[in-house]
Amino acid sequence: MLLFALLLTAICLTVAGELLLKAGVDTVGEFTLSFDVLFRTFTEWRVVLGFVLIFAGSLFWLGVISRADFSFAYPLLALSYVISLVPAHYLLREEIGWNRIAGALIIVLGVVVITWRGK
1 MLLFALLLTA ICLTVAGELL LKAGVDTVGE FTLSFDVLFR TFTEWRVVLG
51 FVLIFAGSLF WLGVISRADF SFAYPLLALS YVISLVPAHY LLREEIGWNR
101 IAGALIIVLG VVVITWRGK
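Each residue of the sequence shown is one higher than the last, beginning at 1 in the working numbering.
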């Protein structure tokens, strides 16, 4: 149970961080490697906080991979794609079509197969 709590925390922190990165970079405009754009990007508070949350998620991820086989745990990170659909729609106002929903359901099915413990 601790393993899944660590995994869910890692995923949620990472998704929140990625959403903040997206929101932050949207205020800056198209990302390039020019000094001006880099400076504006990395001084944008949402980008900074996004990286902090992603780093925090990585700490929980270390807890996951120290307790489980990598070949078991890593595919479960695909749940981040599923979890990201709701905030992407409501916070970023992105359209979530049937193809993304179908893809998310396939991911959930894959996670069920990976975690299935036959008797």
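Heads up, the beta-carbon is just placed ideally off N, CA and C, and yes, glycines get one too.
My understanding is that residue i touches residue j, with C-beta atoms under 8 angstroms, so please give their C-beta distance in whole angstroms.
i, j, result
"residue 70", "residue 10", "Residue 70 to residue 10, Cβ: 14 angstroms. No contact."
"residue 47", "residue 25", "7 angstroms"
"residue 20", "residue 50", "3 angstroms"
"residue 41", "residue 31", "6 angstroms"
Which first and last residues belong to the alpha helix (DSSP H) in which residue i is found?
i, result
"residue 98", "98-115"
Which residue from the options puts its Cα closest to that of residue i?
i, options, result
"residue 8", "109, 84, 100, 117", "84"
"residue 54", "96, 101, 108, 18", "18"
"residue 110", "28, 78, 37, 50", "78"
"residue 82", "32, 114, 63, 106", "106"
"residue 117", "72, 86, 98", "72"
"residue 76", "31, 112, 35", "112"
Please list the segments of the alpha helix (DSSP H) lying wholly inside the stretch 29-110, counting only runs of 4 or more residues, in order along the chain.
-> 35-42, 45-65, 70-76, 79-90
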